[in-house]
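Sequences listed follow chains A and B, in order.
Heads up, this note's numbering is the position in the first sequence plus 85, with the first residue counted as 1.
Heads up, this note's numbering is the position in the second sequence plus 85, with the first residue counted as 1.
Let me begin by presenting the structure, written as structure tokens, before commenting on it.
Number of protein chains: 2
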Amino acid sequence: MRLSFLGTGSTSAPPLYGCDCDICTGARADPGMRRRPASALVEAGETRLLIDAGLTDLAERFAAGDFPVLLLTHFHPDHVQGLFPLRWGVGKRIPVHCPPDSQGCADLYKNPGLLDFQPVRQFDAFRVGPMTVTPVPLIHSKVTLGYCIESGDRRIAYLTDTAGLPPKTEAFVRDWQPTLLVIDCSHPPSSEPPNNHNDVTLALAAIATIQPQYAWLTHIGHELDHWLNNNSHVFPPQIVVACDGDVIDV
Amino acid sequence: MRLSFLGTGSTSAPPLYGCDCDICTGARADPGMRRRPASALVEAGETRLLIDAGLTDLAERFAAGDFPVLLLTHFHPDHVQGLFPLRWGVGKRIPVHCPPDSQGCADLYKNPGLLDFQPVRQFDAFRVGPMTVTPVPLIHSKVTLGYCIESGDRRIAYLTDTAGLPPKTEAFVRDWQPTLLVIDCSHPPSSEPPNNHNDVTLALAAIATIQPQYAWLTHIGHELDHWLNNNSHVFPPQIVVACDGDVIDV
């Protein structure tokens, strides 16, 4: 399998509007430092999964009639806003596996257009081409699912957005033994446990429990980038901070 | 006053995803043929009003601390989606005059961040610098307001999204005698009256009643562009089809 990070940013990703910190100023000058909304493309053979749709240029990235199968983690705007214009297109419908969230986001359910929403159930695996996908519940301010994706003997767990992990999810993913764990790490270590996203402390604790072969951190805000400038040595080599455009062959 | 069309497109604007018509194919090859989400900047002296926020690059277009005062016509995603990332910025709050729509769009009310939503009332004029703004009700699938903007002896009426006009709005705008009327014209003439947007027939009828000095058509879909290729002669010289980037000194 191959995983490509199309975006690795949180809602506080650099460049944050109005922020004059070194990280945000740098990201304004150098597009390579920018973090777009967290999302990833997972490929196995000819089959492609797009996890989350927060990028606003999806129509330019993926040809009509050849759009990947979509997996939505949840219906917050930074994870679905790219669907607002895309849905009005014409042609083949796009399968969208999503959490069973009765609200969705704005009028996406009312006017789905091309989008074929297919709610999934936690721990109820389904197949997409050669991949088996198991949705797992996360801890966030809206109904949110992570996805455990298996093809052959390789396993990717993509767990964002979340603050810690529900005990059932932690046990499932630990026993499943992922090759690669991609996990929410929005904030630097904080004095109080954050509510909706992992800080470094929570992300490292989850990695220590799950023991993947390697872990990549995503959904990153400008304050974490700032902290990393002075603290990158805290991570062992099997833990990597993802950047937009990074590609991993699993 | 000066009005700049930042976008002139409907949700079916060229290039429409998956559409292979001449207009959409042309717009993919030539950015000058594209229509972005309908929105306009109105300037009088140093004061600037931005009507609608469907552009997704607002943070790049307007410097932090110097954002225009916002007027929202309604809370459909193609008119507010640019606010989703912008709100998480830091610094000065941005006044957002908007219809009294208790739902808003997605979680904008729940997490307004920088946005200072200020619901306005129909026909209840307010001042922004040298401009007097009067909201007028329109006919659409969500609570929607047009805006009549006056500075000195010049008057701009911006009326989209709408299918026809409520009698009170039509009478008010007619008696107000706008210098410039900007009006929804999403579709070519249709056999049945459209529900949510003007077609050419409805737009021309409104212009004939209001009798502005000149009228510009906006909120345009690819099918209207296609129709215009063979029918542009139907409009008298005081009626103009707007394009992205057009600037009018009123």
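Virtual Cβ for every residue (Gly too), placed ideally from N, Cα, C.
Using the beta-carbon of each residue, which ones in chain B are nearer than 8 Å to Phe169/A? Going along chain B in sequence order, the residues near Phe169/A (Cβ under 8 Å) are Pro162, Asp163, Gln166.
Reference Phe152/A, options Thr158/A, Phe160/A, Ile179/A, Gly174/A, closest by Cα: Looking at the Cα atoms, Ile179/A is the closest of the given residues.
Could you tell me whether the Cβ of Thr141/B comes closer than 8 Å to any Cβ of chain A? Output row for Thr141/B: interface = yes.
Taking 6 Å as the limit between beta carbons, can you name the residues of its chain near Leu171/B, skipping five residues before and five after? Counting only Cβ-Cβ distances below 6 Å, and skipping sequence neighbours, we find Leu143, Ala144.
Range covered by the alpha helix (DSSP H) that runs through Pro204/B: First-last for Pro204/B: 200 to 204, but that is the beta strand (DSSP E), not the alpha helix (DSSP H).
Closer than 8 Å, CB to CB, is Cys270/B near chain A or not? False, the Cβ-Cβ gap to chain A never drops below 8 Å.
Helix, strand or coil at Leu223/A according to DSSP, with G and I counted as helix: Note: Leu223/A maps to coil in three-state DSSP.
Could you confirm whether any beta carbon from chain B is found closer than 8 Å to the beta carbon of Thr158/A? Residue contact with chain B for Thr158/A: absent (no Cβ-Cβ distance below 8 Å to any residue of chain B).
Starting from Trp173/A, find everything on chain B with Cβ-Cβ shorter than 8 Å and list it in chain order. Those are Thr96, Ser97, Leu101, Tyr102, listed as they occur along chain B.
Give the DSSP bridge partners of Phe90/A, in chain order. The partner list for Phe90/A (beta bridge, DSSP) reads Ala125/A.
For Trp312/A, does the three-state DSSP call read helix, strand or coil? Secondary structure of Trp312/A (DSSP, three-state): helix.
Any residues in the segment 172 to 191 of chain A with a beta carbon nearer than 8 Å to a beta carbon of chain B? Which ones, in chain order? Within the segment 172 to 191 of chain A, the qualifying residues are Trp173, Gly174, Val175, Gly176, Lys177, Cys190, Ala191.
Using a C-beta cutoff of 8 Å, does Ala144/B count as contacting chain A? At least one chain A Cβ lies under 8 Å of Ala144/B.
Decide yes or no for the touch test of the segment 100 to 117 of chain B against the segment 208 to 225 of chain B: beta carbon pairs closer than 8 Å, at least 3 of them. In short, these stretches do not touch, since the Cβ pair count stays below three.
Ignoring anything shorter than 4 residues, give me the alpha helix (DSSP H) runs that lie fully in the segment 219 to 306 of chain B, in order along the chain. Every unbroken stretch of the alpha helix (DSSP H) spanning 4 or more residues and falling wholly within the segment 219 to 306 of chain B is given here in chain order: 252 to 261, 285 to 295.
First through last residue of the alpha helix (DSSP H) which encompasses Cys190/B: Here Cys190/B belongs to no alpha helix (DSSP H), and DSSP marks it neither H nor E.
Taking C-beta to C-beta, are Asp201/A and Phe160/A nearer than 8 Å? Going by C-beta atoms, Asp201/A is not nearer than 8 Å to Phe160/A.
Residues bridged to Thr217/B by DSSP? Residue pairing of Thr217/B in beta bridges, as defined by DSSP: Arg212/B, Glu235/B.
Report yes if the CB atom of Gly139/B is closer than 8 Å to the CB atom of Gly176/B, and no otherwise. Cβ atoms of Gly139/B and Gly176/B: not closer than 8 Å.
Return yes when the Cβ of Ile305/B is within less than 8 Å of the Cβ of Arg133/B, no when it is not. No, these two residues do not count as a Cβ contact at 8 Å.
Excluding sequence positions up to five away, which residues of its chain have a Cβ less than 6 Å from the Cβ of Val218/A? So the list reads Phe211, Tyr232, Ile234, once near-sequence residues are dropped.
Quick one: Cα of Val332/A to Cα of Leu156/A, how far? In this structure, the alpha-carbon of Val332/A lies about 19 Å from that of Leu156/A.
Could you tell me the alpha carbon to alpha carbon distance between Glu131/B and Asp238/B, rounded to whole angstroms? As the crow flies, the alpha-carbon of Glu131/B is around 18 Å from that of Asp238/B.
For Ala149/B, decide whether its Cβ has a neighbour in chain A, counting only Cβ atoms nearer than 8 Å. Interface residue, yes.
Endpoints, the beta strand (DSSP E) within which Pro180/B is located: Looking at the DSSP string, the run of the beta strand (DSSP E) that includes Pro180/B is 179 to 183.
Quick one: Cα of Asp269/A to Cα of Asp329/A, how far? Cα-Cα distance, rounded: 15 Å.
Work out the CA separation of Tyr243/A and Thr254/A for me, nearest whole Å. So the alpha carbons of these two residues sit roughly 12 Å apart.
For Ser236/A, collect the residues of the same chain with a Cβ closer than 6 Å to its Cβ; drop the 5 residues on either side in sequence, then sort them by chain order. Cβ within range, chain order: Met86, Ala129, Pro215, Met216.
Given 8 Å as the limit, is there contact between the segment 313 to 326 of chain A and the segment 261 to 277 of chain B, that is, 3 or more CB pairs closer than that? Touching, no.
Using DSSP bridges, identify the partner residues of Arg133/B. For Arg133/B, which the question treats as bridged, DSSP gives the partners Glu128/B.
Whose C-alpha, out of Ser271/B, His307/B, Trp312/B, Pro263/B, is nearest the C-alpha of Leu101/B? Nearest of Ser271/B, His307/B, Trp312/B, Pro263/B to Leu101/B, Cα basis: His307/B.
For Leu155/A, does the three-state DSSP call read helix, strand or coil? Strand, per DSSP.
What are the boundary residues of the beta strand (DSSP E) that Asp334/A is part of? 332 to 334 is the extent of the beta strand (DSSP E) around Asp334/A.
Ignore the nearest five residues each way along the sequence and tell me which others in Leu135/A's own chain have a CB closer than 6 Å to its CB. Around Leu135/A: Leu126, Pro153, Leu155.
Gly174/A, buried or exposed, once every other Cβ within 10 Å from all chains shown has been counted against 16: By the 10 Å Cβ count, Gly174/A comes out buried.
Is the separation between the beta-carbon of Pro297/A and that of Asp284/A shorter than 8 Å? No, Cβ-Cβ distance for Pro297/A and Asp284/A is not below 8 Å.
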